[in-house]
Amino acid sequence: MNPQTYAAEFIFPGHPDKLSDAIADALVLEAYRREPRALVGIEVAVHRDHVYITGRIACPGAHDIDVQSIIRTVYKSAGYGKGWYPAPEQVKVISNLCLGPLEDGEAQFRELSDDQAICIGYANHLEPTNHLPVEQWLVARLAKRLHRLRMEYPELELGPDGKVLIAVSESVGASKSTWALSHFSCSLQQMTASNELSLHRSVRVNLEDELKKAAIELPGLTDTLPDQLTVNGAGAFEVGGPEGDNGLSGKKLVVDAYGPRVPIGGGAWSGKDFFKADRAGGMHARRLAKMIVQLGLSKEAQVVLGWFPGDRSARVLRATGAGGLNLDISQLVKHVDISLKKSGESFCDEKLVEVARWGHFSDATLPWERFGQL
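Using my numbering, read the sequence shown as starting at 1170 and increasing by one per residue.
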């Protein structure tokens, strides 16, 4: 077995890009609650104590949406306030949103693609990882565990921003595959005067515990930590979030999806309703790839979908299996609804803000991850 090394990263809800994604999808969800065929196409940017929003929201009562309140709720739930800048009540919103009802006939035309898009979906046969690449599944899991430290160990004085970067060594054999965590680094926002030694100790203890649990769930994963763990390798990390860097929705497409092992398609997902071709196509491509491996057609699958303006359903441009072999899924597609109507009416979920924060394929119970009705 010739080992290959794969890297993956994840970021915390307090990261400026993830703040932007969560705000964008909180507004998508609010519009959907008012009208299942609401049109939402927005971009969000954050910097210091300012939030900038552009785009369009079309639904009944769009003018009544309390954008500022929604934004402040997102900041609060991400961990801002209580000493971490900016406090939610201090956030200033600069909006250039086009708010209003859907135009006459527009609700019906939502079933037709108003744009072009290339969308890629992926799945492997590993059910414990929810069919994601091991490194992407593991980095998200470790990030969630470390994110909990700020609540479980308040004496560490951790902030809402943070990043995790790992590398996993993978050896694929004819009958068995193995994985080992070979590199680990995290950047955790912390008050400058706090105890760095306690932080390092807490990170190590929690990583050891989480890696052991992950190894039990995924046979072949080694539960041994790398020799070196890097914590805040660039030095003190107190100034973070939108104070330390500007953020923009849609910038973390690789984190949102499968990690760098799998190519991404076109546009961003957060800030768009599920009638939008980019978002609809990404979820439909994932469904098809997941079906391929669950039906035993291949141990790995990558599906490329295309939308052309005016299409009702996505076009399957290519499907490949393990080793890059072409797959003929024409019969499968006959039994699967990959239309905008399907995604628009079925995929929006009350957990959408958490989806924006933790990845679109991190929860096997999400509508596009389940196959109760094809």
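The C-beta atom is built at its ideal place from N, Cα and C for all residues, glycine as well.
Three-state secondary structure (DSSP) at residue 1240?
-> As a working note, residue 1240 is residue 71 in the sequence shown. Under the three-state reduction of DSSP output, residue 1240 falls in the helix class.
Pick from 1501, 1209, 1184, 1180 that is closest to residue 1441, judged by C-alpha positions | Here residue 1441 is taken as the residue at index 272 of the sequence shown, counted from 1. Here the closest residue by C-alpha is 1209.
For the putative contact between residue 1172 and residue 1339, defined by C-beta atoms under 8 Å, what is the C-beta separation to the nearest angstrom?
-> For the purposes of this step, residue 1172 is identified with residue 3 of the sequence shown, where counting begins at 1. For the purposes of this step, residue 1339 is identified with residue 170 of the sequence shown, where counting begins at 1. A Cβ-Cβ distance of about 6 Å is found for the pair residue 1172 and residue 1339, placing them in contact under the 8 Å criterion.
Among 1491, 1364, 1310, 1256, which residue has its Cα nearest to the Cα of residue 1343?
-> If you number the sequence shown from 1, residue 1343 lands on position 174. With distances taken between Cα atoms, residue 1343 lies closest to 1491.
Which residues in the same chain as residue 1191 place their Cβ atom closer than 6 Å to its Cβ, once the five residues preceding and following it in sequence are excluded?
-> Looking up residue 1191 in the sequence shown gives position 22. Correct list, in chain order: 1243, 1522, 1525, 1526.
Answer yes if the region 1420-1428 comes into contact with the region 1294-1305, meaning at least three C-beta pairs across the two stretches below 8 Å, and no otherwise.
-> Yes, the region 1294-1305 is in contact with the region 1420-1428.
What is the rounded straight-line gap between the Cα of residue 1484 and the Cα of residue 1439?
-> Position 315 of the sequence shown holds residue 1484. Position 270 of the sequence shown holds residue 1439. Going by the C-alpha atoms only, they are around 22 Å apart.
From 1298, 1334, 1362, residue whose alpha carbon lies closest to that of residue 1351 | Mapped onto the sequence shown, residue 1351 falls at position 182. The shortest C-alpha separation from residue 1351 is found at 1334.
Going by other Cβ atoms of all chains shown within 10 Å of its Cβ, with 16 needed for buried, is residue 1460 buried or exposed?
-> Counting from one through the sequence shown, the residue named residue 1460 turns up at place 291. Buried: at least 16 other Cβ atoms inside 10 Å.
Identify whether residue 1455 lies in helix, strand or coil by the three-state DSSP scheme.
-> Taking the sequence shown and counting its residues from 1, the one referred to as residue 1455 is at position 286. Helix, per DSSP.
Mind checking which residues open and close the beta strand (DSSP E) that includes residue 1370?
-> Counting from 1 along the sequence shown, the entry for residue 1370 is found at position 201. No beta strand (DSSP E) holds residue 1370; the alpha helix (DSSP H) holding it covers 1365-1386.
Should the region 1443-1450 be called in touch with the region 1279-1294, which here means at least 3 C-beta pairs below 8 Å?
-> Taking a contact to require three or more Cβ pairs closer than 8 Å, the region 1443-1450 and the region 1279-1294 qualify as touching.
In three-state DSSP terms, what is residue 1249?
-> What you label residue 1249 is simply residue 80 of the sequence shown in a count that begins at 1. Coil at residue 1249, not helix or strand.
Residue 1206 by DSSP, collapsed to three states: which one?
-> Translated into positions along the sequence shown, residue 1206 becomes position 37. Coil at residue 1206, not helix or strand.
Inspect the beta-carbon positions of residue 1387 and residue 1535 and report whether they are closer than 8 Å.
-> Position 218 of the sequence shown, counting from 1, holds the residue named residue 1387. Position 366 of the sequence shown, counting from 1, holds the residue named residue 1535. No, the Cβ-Cβ distance between residue 1387 and residue 1535 is not below 8 Å.
If you follow the alpha helix (DSSP H) that residue 1277 is part of, which residue opens it and which one closes it?
-> Locating residue 1277 in the sequence shown gives position 108, counting from the first residue. Secondary structure note for residue 1277: its alpha helix (DSSP H) is the uninterrupted segment 1275-1278.
In three-state DSSP terms, what is residue 1306?
-> Locating residue 1306 in the sequence shown gives position 137, where the first residue counts as 1. If DSSP states are grouped into helix, strand and coil, residue 1306 belongs with the helices.
Please determine if the region 1212-1222 and the region 1259-1273 are in contact, where contact requires at least 3 C-beta pairs separated by less than 8 Å.
-> Contact holds between the region 1212-1222 and the region 1259-1273, because three or more Cβ pairs, one in each stretch, are under 8 Å apart.
Could you tell me whether the Cβ atoms of residue 1467 and residue 1507 are closer together than 8 Å?
-> Position 298 of the sequence shown, counted from the first residue, corresponds to residue 1467. Position 338 of the sequence shown, counted from the first residue, corresponds to residue 1507. Judged by their CB atoms, residue 1467 and residue 1507 are not nearer to each other than the 8 Å cut-off.
Could you spell out the range, first to last residue, of the alpha helix (DSSP H) harbouring residue 1469?
-> Start at 1 with the first residue of the sequence shown, and residue 1469 comes out as number 300. Looking at the DSSP string, residue 1469 is not in any alpha helix (DSSP H); the run it does join, the beta strand (DSSP E), is 1469-1476.
Continuous beta strand (DSSP E) assignments of at least 3 residues falling wholly in the region 1305-1363 = Taking only runs of at least 3 residues, the beta strand (DSSP E) segments lying wholly in the region 1305-1363 are 1327-1341, 1346-1359.
Cα separation between residue 1515 and residue 1175?
-> The count along the sequence shown starts at 1 and reaches residue 1515 at position 346. The count along the sequence shown starts at 1 and reaches residue 1175 at position 6. Going from the Cα of residue 1515 to the Cα of residue 1175 covers about 34 Å.
Within its chain, find whatever has a CB closer than 6 Å to the CB of residue 1180; leave out the 5 residues flanking it on each side and keep chain order.
-> For the purposes of this step, residue 1180 is taken as the residue at position 11 of the sequence shown. Only 1187, 1332 meet the Cβ criterion.
Would you call residue 1320 buried or exposed, if buried means 16 or more other Cβ atoms sit within 10 Å of its Cβ?
-> Position 151 of the sequence shown, counted from the start, is the residue given in the question as residue 1320. By the neighbour-count rule (16 or more Cβ atoms within 10 Å), residue 1320 is not buried but exposed.
Straight-line CA distance for residue 1503 to residue 1178?
-> Your numbering for residue 1503 matches position 334 in the sequence shown. Your numbering for residue 1178 matches position 9 in the sequence shown. Cα atoms of residue 1503 and residue 1178: separation of roughly 37 Å, rounded to the nearest angstrom.
When the Cα atoms are used, what is the spatial distance from residue 1205 to residue 1513?
-> Here residue 1205 corresponds to residue number 36 of the sequence shown, with the count starting at 1. Here residue 1513 corresponds to residue number 344 of the sequence shown, with the count starting at 1. Roughly 8 Å separates the two Cα atoms.
Could you work out which residue in 1496, 1211, 1456, 1499 is closest to residue 1225 when comparing CA atoms only?
-> As a first step, residue 1225 must be located in the sequence shown, where it is residue number 56. The shortest Cα separation from residue 1225 among 1496, 1211, 1456, 1499 belongs to 1211.
Is the beta carbon of residue 1183 sitting closer than 8 Å to the one on residue 1402?
-> Along the sequence shown, read from residue 1 onward, the residue named residue 1183 stands at position 14. Along the sequence shown, read from residue 1 onward, the residue named residue 1402 stands at position 233. Cβ atoms of residue 1183 and residue 1402: not closer than 8 Å.
Looking only at its own chain, which residues have a Cβ that is under 7 Å from the Cβ of residue 1257, when we skip the five neighbours before and after it?
-> Along the sequence shown, read from residue 1 onward, the residue named residue 1257 stands at position 88. The residues are 1241, 1244, 1245, 1249, 1250.
How long is the line joining the alpha carbons of residue 1376 and residue 1410, rounded to whole angstroms?
-> Position 207 of the sequence shown, counted from the start, is the residue given in the question as residue 1376. Position 241 of the sequence shown, counted from the start, is the residue given in the question as residue 1410. So the two alpha carbons sit approximately 24 Å from each other.
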